[in-house]
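**Q** In the numbering used here, the protein residues as written are 288 to 664.
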Amino acid sequence: MSRKKIKIALTGGGTGGHTIPLIAVVRELSRRRQVEALNLNFTYIGPRQGSQQIKLEKNIQIKLIVTGKFRRYITFSSILFNFIDLFKILIGFLQTFFYLIFDRPSVIFSKGGYGSFPTVVTAWILKVPVILHESDSILGATNKILSRFAKKIVLSFSTTTSYLPKEKLIVLGNPIRTELFGGNLQEAKKEFAIQSDKPVLLVTGGSQGARQINDLVLKNLKTLAQNYEIIHQAGEKNYSSIQKTVSDSIDSYHVYAFLNENQMKLAYAISQLIVARAGAGIFEKAALGKPSILIPLPTSAAGHQLKNAQIYEEAGACIVLDPFSVTPNQLLNTINQLMANKQRLQTMSEAALRFSKPNAARDIAKLILKTVDDKQK
288 MSRKKIKIAL
298 TGGGTGGHTI
308 PLIAVVRELS
318 RRRQVEALNL
328 NFTYIGPRQG
338 SQQIKLEKNI
348 QIKLIVTGKF
358 RRYITFSSIL
368 FNFIDLFKIL
378 IGFLQTFFYL
388 IFDRPSVIFS
398 KGGYGSFPTV
408 VTAWILKVPV
418 ILHESDSILG
428 ATNKILSRFA
438 KKIVLSFSTT
448 TSYLPKEKLI
458 VLGNPIRTEL
468 FGGNLQEAKK
478 EFAIQSDKPV
488 LLVTGGSQGA
498 RQINDLVLKN
508 LKTLAQNYEI
518 IHQAGEKNYS
528 SIQKTVSDSI
538 DSYHVYAFLN
548 ENQMKLAYAI
558 SQLIVARAGA
568 GIFEKAALGK
578 PSILIPLPTS
588 AAGHQLKNAQ
598 IYEEAGACIV
608 LDPFSVTPNQ
618 LLNTINQLMA
628 NKQRLQTMSE
638 AALRFSKPNA
648 ARDIAKLILK
658 TVDDKQK
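1) So, with DSSP's three-state summary, where would you put Phe329?
2) Determine the extent of the beta strand (DSSP E) in which Lys342 is found, giving its start and end residues.
3) In whole angstroms, what separates the C-alpha of Ser289 from that of Leu575?
4) If you scan the stretch 534 to 605 from start to end, which runs of the beta strand (DSSP E) of 3 or more residues do you find wholly inside it?
5) So, at 6 Å on beta carbons, what are the nonlocal neighbours of Leu413 in its own chain, with the 5 sequence-adjacent residues on each side left out?
6) Considering only the alpha carbon of each residue, which of Ala497, Glu600, Ile347, Asn369 lies closest to Val313?
7) Touching or not, the stretch 644 to 657 and the stretch 585 to 601, by the rule of three or more beta carbon pairs under 8 Å?
8) With DSSP as the reference, label Thr298 as helix, strand or coil.
9) Less than 8 Å between the CB atoms is what I'm expecting for Val415 and Arg391, so what's the real figure, rounded?
10) Span of the alpha helix (DSSP H) holding Glu474?
11) Please state the DSSP three-state secondary structure of Phe396.
12) Are Phe570 and Ala638 closer than 9 Å when you measure CB to CB?
13) With distances taken from CA atoms, which of Ala589, Phe368, Val607 is nearest Ile500?
14) Is it true that the CB of Ala589 sits closer than 9 Å to the CB of Ala437?
15) Output needed for Lys644: all residues of its chain with C-beta closer than 6 Å, excluding positions within five of it in sequence on either side, in chain order.
16) Between which two residues does the alpha helix (DSSP H) carrying Phe630 extend?
17) What separation, rounded to the nearest whole angstrom, lies between the Cα atoms of Ala311 and Thr491?
18) For Gly304, which residues in the same chain have their Cβ closer than 6 Å to its Cβ, ignoring the five residues on either side in sequence?
19) According to DSSP, is Lys431 part of a helix, a strand, or is it coil?
20) If you draw a straight line from the C-alpha of Asn267 to the C-alpha of Arg335, how long is it?
21) Please report the straight-line C-alpha distance between Asp538 and Leu508, rounded to a whole angstrom.
22) Taking 8 Å as the threshold, find out whether the stretch 539 to 549 comes into contact with the stretch 518 to 527 through three or more Cβ pairs.
23) Please state if the CB of Gly300 and the CB of Thr354 are separated by a distance shorter than 9 Å.
24) Run through the DSSP bridge pairs and tell me what Gln530 is partnered with.
25) Apart from the five residues on each side of it in sequence, which residues of its chain come closer than 8 Å, Cβ to Cβ, to Leu640?
26) What is the DSSP secondary structure of Lys356, counted as helix, strand or coil?
27) Starting from the Cα of Leu632, find the closest Cα among Asp609, Pro578, Pro585, Leu584 and give me that residue.
28) Between the Cα of Cys605 and those of Gln559, Arg649, Arg435, Thr614, spot the shortest distance and give me the residue it belongs to.
29) Where does Ile457 fall in DSSP's three states?
30) Under the assumption that Ser424 contacts Phe444 (Cβ atoms under 8 Å), give the Cβ distance between them as a whole number of angstroms.
31) Comparing alpha-carbon positions, which option in Lys439, Tyr555, Gly333 lies nearest Leu472?
32) Check whether the Cβ atoms of Lys477 and Ile457 lie closer than 9 Å to each other.
33) I need the straight-line Cα distance from Thr658 to Phe380, nearest angstrom please.
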């Protein structure tokens, strides 16, 4: 590999699910930079939405763009917003063209989402190679369009391959942050003020929270708190209303708007069971061998979370509750049955580890550097 400066542009956005894997890959590339003395430069090009985690990384330059998304349902407001967002997308193209023409990267790694659209298309026009990544079992709407502009398409699930050009495909998994491994139990107890020896239940709806999961848990809260310590990532939008609703006297309930990386590491370490959605976060749970109850987002695009959950359940790593019919009592019973069956939890944990692809970030980093190397030859 040449020691010439390698400029790697990152794009994707809309939610943390699009940007957190970018961070995992950048950190892996940074580790390789130290070992192999590589001259790497990282730039994120994307919307403000979902970029909060990127901003915490000191070695990533950020170039924000205006962009919009196309709403596939038809109402008066959706038609109006689609019209407005069309102009936003055009502005995003102009911004991206300006960024790339004056500071052309060696390669672009895209995580998809509406925020990646202008960058990937502009890169294709300027003949900058694009590596596209899909976290879900069903290709996202934006990635479906952008797949024709990509040099390589990296998949998390092998089941996503049926309608894509085979020569572009490679199944490597979803990149996860290695910093989530190795949480200390005593540190976790201190962080979350856990004073009992009750089993720990982690509840999370992803980076934005999930109102449905929040409501199901809150309706069972008094009963759950009698038997378990509960760490609950409720989401920024839901946090204040939950605080007003829940009494501070429930010592076993620990609610947060958002768990930062270290808190999430500790929460994973101390929890015996997780209740969550079925987005890309299942790959973190799998790599850590954490049994889970998944309640997929019922409105996820093309039903991708329903499919993700089905595949993960077939692997034996989780139990899926139907988001269209799940009741508080059903969730409570499922939690109690699993927590009372240590052998079942162990079996699910082992299945999760078999499902996982813990080296995805490393393998994607290698692919990015190989793409650059091939281009320089």
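Note that beta-carbon positions come from the ideal geometry of N, C-alpha and C, so glycine has one too.
**A** According to the data block:
1) Strand at Phe329.
2) Per DSSP, Lys342 belongs to no beta strand (DSSP E); it is in the alpha helix (DSSP H), 339 to 342.
3) In this prediction, Ser289 scores a pLDDT of 48, lower than 50, which makes its location untrustworthy; no coordinate-derived value is stated.
4) Given a length threshold of 3 residues, each whole run of the beta strand (DSSP E) inside the stretch 534 to 605 is given here in chain order: 540 to 543, 560 to 563, 579 to 581.
5) Result list for Leu413: Leu387, in chain order.
6) Nearest Cα to Val313 within the set Ala497, Glu600, Ile347, Asn369: Ile347.
7) In the pairwise beta carbon analysis, the stretch 644 to 657 is classified as not touching the stretch 585 to 601: fewer than three pairs are separated by under 8 Å.
8) Here Thr298 sits in strand by DSSP.
9) That belief holds up - the Cβ atoms of Val415 and Arg391 are roughly 6 Å apart, short of 8 Å.
10) Element bounds for Glu474: 472 to 478.
11) In the three-state reduction of the DSSP assignment, Phe396 falls in the strand class, which pools E and B.
12) Taking 9 Å as the cut-off, the Cβ atoms of Phe570 and Ala638 do not count as close.
13) When only C-alpha atoms are compared, the closest one is Val607.
14) No, they are not a contact pair.
15) Correct list, in chain order: Gly460.
16) In the sequence on display, residue 630 carries Gln and not Phe. Element bounds for Gln630: 629 to 642.
17) Going by C-alpha positions, Ala311 is about 20 Å away from Thr491.
18) Excluding positions up to five away in sequence, the list reads Gly566, Ala567.
19) Lys431 carries a helical assignment under DSSP once its states are collapsed to helix, strand and coil.
20) Within the shown structure, residues of the chain are numbered from 288 to 664, placing residue 267 beyond reach of any answer.
21) Computed Cα separation, rounded: 11 Å.
22) Enough Cβ pairs lie closer than 8 Å, so yes.
23) In this structure, Gly300 lies closer than 9 Å to Thr354 by Cβ.
24) DSSP output for Gln530 lists no bridge partner at all.
25) Excluding residues within five positions, the ones whose Cβ falls inside 8 Å are Ala573, Ala574, Gly576.
26) In the three-state reduction of the DSSP assignment, Lys356 falls in the coil class, being assigned neither a helical nor a strand state.
27) Comparing alpha-carbon positions, the option among Asp609, Pro578, Pro585, Leu584 lying closest to Leu632 turns out to be Pro578.
28) Of the candidates Gln559, Arg649, Arg435, Thr614, the residue whose Cα lies closest to the Cα of Cys605 is Gln559.
29) In the three-state reduction of the DSSP assignment, Ile457 falls in the strand class, which pools E and B.
30) About 4 Å separates the two Cβ atoms, so the contact holds.
31) Checked all of Lys439, Tyr555, Gly333; the closest Cα to Leu472 is Tyr555.
32) Between Lys477 and Ile457, the C-beta spacing is not below 9 Å.
33) So the alpha carbons of these two residues sit roughly 24 Å apart.
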